[in-house]
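Each number in the numbering used here comes from the position in the sequence shown (counting from 1) with 34 added on.
In what follows, a structure is listed as structure tokens, so that the remarks can point back to it.
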Amino acid sequence: MKRLVLKFGGTSVGSIEKIQKVANIIKKRHEEGNEIIVIVSAMFGVTNDLKKKSNSISKNFDSKELDVLLSSGEQISSSLLSGAIIDLGVKARSWMGWQLPILTDGNHTSSQIINIKTKEILNFISGRGVAVIAGFQGVSIDNRITTLGRGGSDLSAVAVAKFFETDSCEIYTDVEGVLTTDPSIHEKAKKIDKISYEEMLEMSSLG
């Protein structure tokens with residue numbers, strides 16, 4: 035039995051139909067006997083839409099309240115995905131960053147993860163449950179919701195993989211593997227065949 039982190043980005047959960055397909059992928063990996071921890075992004079376009087709403091109120095929208103607003107996208111997708119998994123007959127539950135908690139340095143809109151409490155989820159997955167964690171978010175020492183900035187859900191996935199000592203971290207995306215840069219911007223982006231958790235954490239934190 036292996037312990038796996040499976041991370042699904044916004045395009046992967048961009049519609050109800052896609053969420054149901056992702057749920058079936060997770061069910062299959064679970065039926066192979068693996069312990070599964072899922073990290074999920076907001077549905078495609080949701081975070082940008084929320085940011086536009088904040089801008090319509092103020093171009094200098096309070097950063098602490100912006101983190102609360104933007105993190106709600108992942109709350110929606112993690113709940114929908116958990117519900118879809120349960121509908122397939124698999125035990126599942128969603129967690130927000132503050133519930134574990136995923137502790138951050140409190141730098142609003144671009145926080146770094148400093149610690150993750152693992153006990154509750156380890157107990158859940160050892161009982162054959164699938165844990166679905168909302169990506170992109172955590173909580174500060176003073177109990178304020180924080181977000182991790184650009185590439186935050188990937189950062190969540192790699193950090194969870196490290197703290198939970200998983201056998202692998204699988205990031206499902208619309209590109210073929212980990213690349214040196216964004217292929218939609220730079221045509222000469224190269225695929226990286228092998229990378230450590232520490233290197234992935236650094237790359238994710240830089241977007």
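From the three backbone atoms N, C-alpha and C, an ideal C-beta is built for every residue, glycine too.
Just so we're clear, the structure is a prediction, and the values are computed from it rather than from any experiment.
Listed as beta-bridge partners of Leu40 by DSSP are Val72, Glu204. Per DSSP, the beta bridge partners of Val166 are Val72, Ser128. Per DSSP, the unbroken beta strand (DSSP E) holding Asn149 starts and ends at 147-150. Within its own chain, the residues whose Cβ lies closer than 6 Å to the Cβ of Ser202, once the five positions on either side in sequence are excluded, are Leu38, listed in chain order.
Counted as a single uninterrupted DSSP element, the stretch harbouring Thr45 is not any beta strand (DSSP E), since DSSP gives it neither H nor E. Check the Cα spacing between Ser106 and each of Trp129, Phe198, Lys36: the tightest is with Trp129. Annotation: the continuous alpha helix (DSSP H) that includes Gln109 extends over 97-121. Scanning its chain for C-beta atoms nearer than 6 Å, with the 5 sequence neighbours on each side dropped, one finds around Leu40 the residues Val72, Glu204, in chain order. Close CB contacts of Ser112 within its chain, under the 6 Å cut and outside five residues either way in sequence, are with Val74, Ser128, Val166, Ala168 (chain order).
If you check the CB distance, Gly131 and Gln171 come in under 8 Å.
Counting only residues of its own chain and dropping the five nearest sequence neighbours on each side, Leu182 has a CB closer than 6 Å to the CB of Ser145, Phe170, Leu189. Considering only Ser160, Glu69, Ile136, the residue with the shortest C-alpha distance to Asn149 is Ile136. Nearest neighbour of Phe198 by Cα position, chosen from Val173, Gly185, Arg178, Leu156, turns out to be Leu156. Less than 8 Å divides the Cβ of Leu115 from the Cβ of Val56. If you draw a straight line from the Cα of Glu51 to the Cα of Thr207, it is about 16 Å long. Residue pairing by DSSP places Gly172 opposite Thr180 in a beta bridge. For Leu137, there is no enclosing alpha helix (DSSP H); the enclosing beta strand (DSSP E) covers residues 136-138.
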